[in-house]
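**Student:**
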Amino acid sequence: MAETKGIGENLMDKIVSLSRNRGFIFPGSEIYGGLQNSWDYGPLGVALMRNIRESWWKFFVESRPDMVGLDSTIIMNPKIWEASGHLENFTDPLVEDKATHARYRADHLLQENNVDPSGLSLKEMAEVIREKGIKSPEGNELTEPRQFNLMFKTYVGPTEEKTAVVYLRPELAQGMFVDFPEILRVTRKRLPFGIAQAGKVFRNEITAGNFIFRLKEFNLVEFEYFVKPAEWEKHFEFWLEEMKKWMKSLGLKDENLHFHDLPESERAHYSKRTIDVEYSFPFGVKELQAIAYRSDFDLKNHAEKSGADMSYADPQTGEKFIPHAIEPTFGLDRALLAVICAAYSEEEARTAAGGMEIRTVLRFPKHIAPFKAAVLPLSGKSELTGVAKNIWSDLRRLFATDYDETQSIGRRYRRQDEIGTPYCVTVDFETLNDQAVTVRDRDTMRQDRVKISEVTDYLGAKLKTEG
143 MAETKGIGEN
153 LMDKIVSLSR
163 NRGFIFPGSE
173 IYGGLQNSWD
183 YGPLGVALMR
193 NIRESWWKFF
203 VESRPDMVGL
213 DSTIIMNPKI
223 WEASGHLENF
233 TDPLVEDKAT
243 HARYRADHLL
253 QENNVDPSGL
263 SLKEMAEVIR
273 EKGIKSPEGN
283 ELTEPRQFNL
293 MFKTYVGPTE
303 EKTAVVYLRP
313 ELAQGMFVDF
323 PEILRVTRKR
333 LPFGIAQAGK
343 VFRNEITAGN
353 FIFRLKEFNL
363 VEFEYFVKPA
373 EWEKHFEFWL
383 EEMKKWMKSL
393 GLKDENLHFH
403 DLPESERAHY
413 SKRTIDVEYS
423 FPFGVKELQA
433 IAYRSDFDLK
443 NHAEKSGADM
453 SYADPQTGEK
463 FIPHAIEPTF
473 GLDRALLAVI
483 CAAYSEEEAR
493 TAAGGMEIRT
503 VLRFPKHIAP
513 FKAAVLPLSG
523 KSELTGVAKN
533 IWSDLRRLFA
543 TDYDETQSIG
553 RRYRRQDEIG
563 TPYCVTVDFE
573 TLNDQAVTVR
583 DRDTMRQDRV
593 KISEVTDYLG
603 AKLKTEG
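Here it is as structure tokens:
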């Protein structure tokens, strides 16, 4: 086998095609013409997303004594977003094509024309657009830039009145801040400790695109780690290193990761320090996740606006103060896309007939692969199927296992390679005599003969040591 070269030139096209054809990701609402940048996760996409999410939860929450979980509501009291600064500050600069009325982010258009938009006011952006003659992608004149709030607005109750306005959450953090006193009371945790959450968030992005990279509805996991004010820097560095470890466990290579310490002009309104973790996607180096030092911005504002006591009393010194927060945040959709990009490979492989073909493989780390194994009877119209289904029944009690009896065994191997299944268990006609099966390794293509009675232990050991 020899890995092929040059697949990066159209890698995204191949990933989008494979994702659809193998059941990872489909266009949303397609039978009605779709919806801009709406994607649905198919059977394999759901499994991969769940495995990545569970990997994150186990790494950052379950394995630690200083972390607890939370599941707060998507729709919260709108006063929360006023106190957090989102109503005033959660905006992007918007311009509109005067002819087509298509909308674009002004800062993105400036970047595409080699202009750094950092720190520019709306007036300054407008001046640069005029001076450089920047047009829309369609070549038309643009409107003056204006701020556009990214939060989705809706209403509670039967009438659309101002007093009934609520918002779909644009981040998970505020649920963890407003529930901080209750969690502190019921868990009796001492600083430092964290509150973690996973769930859907919503942002009315002006410009969406690049497959599932930028979505209006997406999956987020993050935690707020509460610390003493004087200790924030050491905790910030610690969690940055832990983030690197988790990314490595997903198969993301160091050379594709980039760390951008944002200047003040690029940081969110609540942040005193932010490092964007960027990844070399096929369409460029883009943000994958981030870590921010939010200081006491959120707890202090909620205390002032609500009147609630958001302080922490040190049990040793008796000192009362508002804790500061370190926030590592992870977009799971982007993580899933990065995982697929990192796992995708093509190589030359020999066919059963002795020829050569291109073998596409998703080399997922075994612990996040949608299926851990697949059971394949050599013939789907024979007594082998009964034996194969018994093996499948035993294996799927322990881990996700596929079963496939259609088409030639070679094509079935290729199909499992394309969806990243680490092991294939082939039941052949010799099985009836020796009560053994052939276990094929996805990465090495090595084939071992294993007794049926030992298959479960064999695969369990392999997945435990290599997952």
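Start counting the sequence shown at 143; every next residue gets the next number (this note's numbering).
In this text, a Cβ means the ideal position worked out from N, Cα and C, and glycines have one as well.
Bear in mind that the values here come from a model prediction, so they are computed numbers and not experimental data.
#1: For V343, which residues of its own chain have a beta-carbon under 7 Å away from its beta-carbon, when the five flanking residues on both sides are left out?
#2: From the DSSP output, which residues share a beta bridge with N575?
#3: What are the boundary residues of the alpha helix (DSSP H) that Y412 is part of?
#4: Taking just the CA atoms, how far does G175 sit from C566?
#5: List in chain order: all unbroken alpha helix (DSSP H) runs of 4+ residues lying wholly within the stretch 523 to 577.
#6: Could you check the C-alpha separation between S226 and M293 for me, to the nearest Å?
#7: Taking three-plus beta-carbon pairs below 8 Å as touching, is the stretch 270 to 285 in contact with the stretch 242 to 253?
#8: Evaluate the contact criterion for the stretch 467 to 486 versus the stretch 433 to 444: three or more CB pairs, one atom per stretch, below 8 Å.
#9: Measuring straight from C-alpha to C-alpha, what distance separates L605 and T563?
#10: Name the residue from L382, A268, F423, Q339 whose alpha carbon lies nearest to the alpha carbon of D107.
#11: Going by CA-CA distance only, name the one from A477, S197, G211, R554 that's closest to D321.
#12: Please name the residue or residues paired with M209 in a DSSP beta bridge.
#13: Could you give the distance in angstroms between the alpha-carbon of E286 and the alpha-carbon of S171?
#14: Quick check: what's the CA-CA separation for M385 versus L333?
#15: Rounding to the nearest angstrom, what Cα-Cα distance links R476 and Q458 in this structure?
#16: Can the beta-carbon of V569 be found less than 8 Å from the beta-carbon of V597?
#17: Examine the Cβ distances between the stretch 528 to 546 and the stretch 509 to 517 and report whether three or more of them are shorter than 8 Å.
#18: Apart from the five residues just before and just after D418, which ones in its own chain have a Cβ nearer than 7 Å to its Cβ?
#19: In the DSSP output, which residue or residues are listed as bridge partners for N361?
#20: Does DSSP put E488 in a helix, a strand or coil?
#21: Give the secondary structure of S448 by DSSP, where H, G and I count as helix, E and B as strand, and everything else as coil.
#22: Beta-carbon within less than 6 Å of F201's beta-carbon, same chain only, minus the 5 sequence neighbours each way: which residues are those?
#23: Please go through the stretch 425 to 474 and give each complete beta strand (DSSP E) segment of 3 or more residues, from N-terminal end onward.
#24: Rounded to a whole number of angstroms, what is the C-alpha to C-alpha distance between E364 and K274?
#25: What are the boundary residues of the alpha helix (DSSP H) that P323 is part of?
#26: Return the first residue and the last residue of the beta strand (DSSP E) that Q589 is part of.
#27: Do you know whose CA, among V307, Y600, I533, lies nearest T573's CA?
#28: Taking the alpha carbon of N179 as the reference point, which residue from N352, G299, R195 has its own alpha carbon closest?
#29: Just to confirm before moving on: does the CB-CB distance between L236 and F290 stay below 8 Å?
#30: Can you check which of these residues, I561, D536, A244, F335, is closest to V188 by C-alpha distance?
#31: From the DSSP output, in three-state form, read off I348 for me.
#32: Let me confirm a value: T416 is counted as buried when at least 16 other C-beta atoms fall within 10 Å, else exposed. Which label applies?
#33: Compare the Cα-Cα distances from G522 to each of W223, S550, T242, R327 and report the closest residue.
**Tutor:** Short version:
#1: By the criterion of a C-beta distance shorter than 7 Å, V343 is surrounded in its chain by R311, P312, E313, L314, F360, L362, once the five residues flanking it on both sides are discounted.
#2: N575 is not bridged to any residue.
#3: DSSP places Y412 in no alpha helix (DSSP H); its state is neither H nor E.
#4: The alpha-carbon of C566 is positioned some 38 Å away from that of G175.
#5: Segments of the alpha helix (DSSP H) lying fully in the stretch 523 to 577: 526 to 537, 551 to 560, 573 to 576.
#6: Cα-Cα distance, rounded: 13 Å.
#7: The stretch 270 to 285 makes contact with the stretch 242 to 253, as at least three CB pairs between them are under 8 Å.
#8: The stretch 467 to 486, when compared against the stretch 433 to 444, does touch it at the 8 Å Cβ threshold.
#9: Approximately 11 Å, taken between the alpha carbons.
#10: Limits of the chain in this structure are 143 at one end and 609 at the other, which puts residue 107 out of reach.
#11: Checked all of A477, S197, G211, R554; the closest Cα to D321 is G211.
#12: In DSSP, M209 forms a bridge with G336.
#13: So the two alpha carbons sit approximately 33 Å from each other.
#14: Going from the Cα of M385 to the Cα of L333 covers about 21 Å.
#15: Going by the C-alpha atoms only, they are around 43 Å apart.
#16: No; because the gap between Cβ atoms is not below 8 Å, this pair is not in contact.
#17: Using a Cβ-Cβ distance cut-off of 8 Å, the stretch 528 to 546 and the stretch 509 to 517 are in contact, since at least three pairs of beta carbons, one from each stretch, lie closer than that value.
#18: Hits under 7 Å: H402, L404, E429, A432.
#19: Looking at the DSSP assignment, N361 forms a beta bridge with K342.
#20: In this structure, E488 counts as strand in the three-state DSSP scheme.
#21: When DSSP states are grouped into helix, strand and coil, S448 belongs to the helix group.
#22: W388, listed in sequence order.
#23: Listed in chain order, they are 426 to 437, 466 to 473.
#24: So the two alpha carbons sit approximately 40 Å from each other.
#25: Under the DSSP assignment, P323 falls in the alpha helix (DSSP H) whose first and last residues are 322 to 329.
#26: For Q589, the enclosing beta strand (DSSP E) covers residues 589 to 593.
#27: Taking only the C-alpha atoms, the option nearest T573 is I533.
#28: Of the candidates N352, G299, R195, N352 places its Cα closest to the Cα of N179.
#29: The answer is yes: Cβ separation under 8 Å.
#30: When the alpha-carbon of V188 is set against those of I561, D536, A244, F335, the nearest one is in I561.
#31: In the three-state reduction of the DSSP assignment, I348 falls in the coil class.
#32: With a threshold of 16 other beta carbon atoms within 10 Å, T416 meets it and is buried.
#33: If we check each option's Cα against that of G522, S550 comes out closest.
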